[in-house]
Structure formats: structure tokens, C-alpha cells
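Order-wise, the sequence lines are chains A and B.
Once you know that position 55 of the first sequence is 55 in the UniProt record's numbering, the rest is easy, because the numbers rise by one and skip nothing.
Once you know that position 66 of the second sequence is 66 in the UniProt record's numbering, the rest is easy, because the numbers rise by one and skip nothing.
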Amino acid sequence: MQINWQVVYQTTKGSVFQCTLTNRFIVEFSHTQTSFSVLDFRQFRRMVNAIDMRQMALRTDDAHDVAILSPPHTDRCFVLTLCEVVHLRDLLNGAGFMLDLNRMLSDCGCSFPEEVIA
Amino acid sequence: MKDIVRLRTSIKEDIEQILNQQILMEFESSSKYLAMASWCDRNGFEFSAGFFYKQSDEERQHGLKIFHYLCDQGVVAVTPAIGAVQIEFDTLRSVFEAALEQEISVTNAINRIIATCRRENDYITEEFLRWYVKEQMEEEFIARRCLDLFNLIPADDTLRLDKELARVTFTGETVD
């Protein structure tokens with residue numbers, strides 16, 4: 001974790017940071033880090049939430065064993081098993097919740113104490 | 001914690017999503033009116049066809065207005081994918097009934113978006129949507145007045161009915 005990064009949300013499977021210098025989000029998942037702009041992060045979260053997990057669980061053909069995602073403006077793609085989809089959703093939606101909470105606190109003139117988020 | 005999302009845009013994610021849904025609805029309306037225009041055209045209702053061609057253009061402009069708003073606010077405006085729409089109707093009256101139902105659906109959708117804006121304290125978007133509230137008042141008025149004409153003009157006087165339908169306008173407060 002770099003000095004200008006703040007933890008937005010963490011689980012046992014990954015972390016979401018925000019960089020206060022570049023105003024970008026960094027998703028750390030499966031031992032890799034991917035940087036997103038604000039809009040691309042939103043879009044990536046939507047892509048993960050749109051994965052049809054029921055199909056992945058019920059269909060027996062190989063094509064449904066993994067979900068392949070190519071996030072916008074990145075040179076990598078995510079190949080996710082069903083369990084990884086669950087973990088990534090948990091991570092991204094948790095981060096989304098924390099960002100909403102941060103906005104609400106900011107609207108009220110409050111802010112997260114640094115020690116709470118770090 | 002620095003709010004880098006707010007630095008990028010004032011539009012919250014759920015507002016972005018419902019506005020994108022509204023873009024889809026406006027473009028669907030445009031497509032439905034185009035189908036109605038086509039039905040009127042091929043059944044000899046030339047003036048009504050012109051009325052619906054105009055309505056179709058208007059609905060597309062309504063969708064584009066929201067599209068530009070989202071782009072201006074720094075979020076993603078999604079190009080809508082329009083599915084198949086009804087292209088056959090029983091009578092001219094049923095065409096206008098379908099038009100009124102469509103306008104009522106759009107009004108309800110606008111009301112729901114404004115309710116969401118108020119819940120989310122997004123007064124900028126609410127202000128933007130005021131134009132749509134006035135526009136829907138006009139659209140519903142015109143659709144209802146058209147249906148009134150079916151009761152006022154004898155059903156066998158189709159040419160006069162067709163002409164009068166196309167002449168209906170809103171005479172109340174003008175829309176910007």
C-alpha cells in the first residue's frame with residue numbers, strides 16, 4: 001500500500017483503495033492490483049453485479065464455469081470462478097457502501113477519522 | 001476521507017441508473033410512435049400519421065436531452081437498445097388509446113425519478129426534470145383530447161376525424 005492510498009474497504013480476499021493524488025481507485029484482488037477512474041470503477045462494479053451467478057451454478061457445460069470480464073480502460077481481464085465472483089462482489093459492493101457513507105458524512109459536514117479507515 | 005466520487009460528478013449512482021432507464025423509455029416511446037405513424041400511413045390516415053411522426057421525433061429529443069444531461073454531469077449515458085414494438089392495431093381509436101397509455105407510463109416514470117431525487121437530495125436533477133413535468137402535462141392533455149374527438153365526431157366521418165386529430169394542440173401554459 002502506497003502512502004497516498006486510503007483504504008476504502010477490505011475483506012479477507014481483497015482491498016479497495018483510493019489514491020488521493022491521482023483520484024483513482026485501486027482494486028487489489030487475487031494478488032493483482034487494477035487501477036480505475038471513478039467512472040470505470042462504477043462500471044466495473046456494474047459488470048460484476050450483472051454476472052448471472054445462477055447460470056454459473058446450474059449450467060453443466062464448461063463455458064459457464066468461469067465469468068470473463070474485461071474492465072474498461074485496463075489491459076487485463078478477470079477470469080472468475082463462482083466463488084471469486086461472490087468475493088469480488090462482496091468487496092466492490094462493500095466499497096460502494098463505504099463511498100456512499102463517506103458522501104453522506106461529507107454532506108453533513110463530517111468525515112471519517114483516518115484511523116477508522118486505515 | 002477525500003470524496004473523489006463527488007469531485008468527478010454530483011450525480012449519484014442510482015440517479016444515473018434511473019435516468020438511463022428513462023432514456024430507454026423515451027426512445028422506446030419514440031419507436032412506438034413511429035410504429036403508430038406507420039400503421040396510420042398504410043391505412044390512409046395521413047394526418048394522424050403526421051401527428052405520430054412528430055410525436056416520435058419529440059420523444060427522441062426528450063431522450064437526447066437526458067442523454068446530454070448525463071454526459072454534461074460527467075457520468076455514463078448508455079445508448080439504449082430498443083426491442084420490438086407493437087406494429088398492428090385494431091382501429092385508429094386503439095392507436096390513440098395506446099398513445100395515452102404510453103404518456104401515462106412516462107409521467108409515472110418522471111414522478112418516480114423526482115421522488116428519488118428528493119430522497120437523495122439531488123435538487124439539480126430535480127430542477128432539470130421540471131421541464132419534463134410540464135411537457136408531460138401537455139402530452140397527456142393532447143392524448144386525452146384526441147380520444148375525446150372520437151366521441152364528438154361520427155365514426156363514419158373518418159377524413160374529418162383524421163384531420164381534427166392532427167390539429168389538437170395544448171392551449172394552456174406554454175412549455176419552454
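Note that CB positions come from ideal geometry on N, CA and C, so glycine has one too.
Note that this is a predicted model, so its numbers are computed, not measured.
Stretch pair the stretch 60-70 of chain A + the stretch 22-42 of chain A: three plus CB contacts closer than 8 Å: no
C-beta neighbour in chain A for residue 175 of chain B, strict 8 Å: Because residue 175 of chain B sits at a pLDDT of 49, beneath the cut-off of 50, its placement in the model cannot be relied upon, and the following sentence gives the value as read from the coordinates. Chain A contact via Cβ: absent.
Nearest candidate by alpha-carbon position, reference residue 58 of chain B, set B:18, B:83, B:31, B:164: B:31
Exposure of residue 116 of chain A, with buried meaning 16 or more beta-carbon neighbours within 10 Å: The predicted position of residue 116 of chain A is uncertain, since its pLDDT is 45 and thus under 50; a value taken from the coordinates is nonetheless stated next. By the neighbour-count rule (16 or more Cβ atoms within 10 Å), residue 116 of chain A is not buried but exposed.
Nearest neighbour of residue 103 of chain B, chosen from B:114, B:25, B:13, B:14 [CA to CA]: B:25
Residues within the stretch 3-24 of chain B neighbouring chain A, beta-carbon criterion of under 9 Å: 3, 4, 5, 6, 7, 8, 9, 12, 13, 16, 17
Neighbourhood of residue 55 of chain A by C-beta, 8 Å cutoff - its chain only, sequence neighbours within 5 removed: 64
Contact set between residue 75 of chain B and chain A, taken where Cβ atoms lie within less than 7 Å: 39
Those residues which DSSP pairs with residue 24 of chain A across a bridge: A:19
Collapsed DSSP secondary structure at residue 75 of chain B in the structure displayed: coil
Whether residue 111 of chain A touches residue 73 of chain A by CB criterion (8 Å): no
Own chain, CB closer than 7 Å to residue 9 of chain B, minus 5 neighbours either side, in chain order: 73, 74, 75
Proximity below 8 Å, CB of residue 36 of chain B to CB of residue 102 of chain A: no
Buried or exposed by the 16-neighbour rule on C-beta atoms within 10 Å, applied to residue 125 of chain B: buried
Contact test: residue 85 of chain A Cβ vs the ligand MG heavy atom, cutoff 7 Å: Among the ligands in the structure shown, none appear at all, so the ligand MG cannot be discussed.
Whole-Å CB distance - residue 24 of chain A paired with residue 35 of chain A, under 8 Å assumed: 5 Å
Closest residue to residue 80 of chain A among A:5, A:96, A:57 (Cα-Cα distance): A:57
8 Å Cβ cutoff, residue 115 of chain A in contact with chain B: Below a pLDDT of 50, predicted positions are generally treated as unreliable, and residue 115 of chain A, at 46, falls in that range; the measurement from the model is reported next regardless. Not one chain B Cβ lies under 8 Å of residue 115 of chain A.
8 Å Cβ cut-off: residues of chain B touching residue 106 of chain A: 3, 6
Presumed contact (8 Å Cβ cut-off) between residue 87 of chain B and residue 39 of chain B, rounded CB distance: 7 Å
3 or more residues per run - each beta strand (DSSP E) lying fully within the stretch 39-78 of chain A: 66-69
C-alpha gap between residue 67 of chain B and residue 165 of chain B, whole angstroms: 31 Å
Residues bridged to residue 5 of chain A [DSSP beta-bridge criterion]: A:19
Cβ distance (whole Å) where residue 62 of chain B is taken to contact residue 135 of chain B below 8 Å: 7 Å
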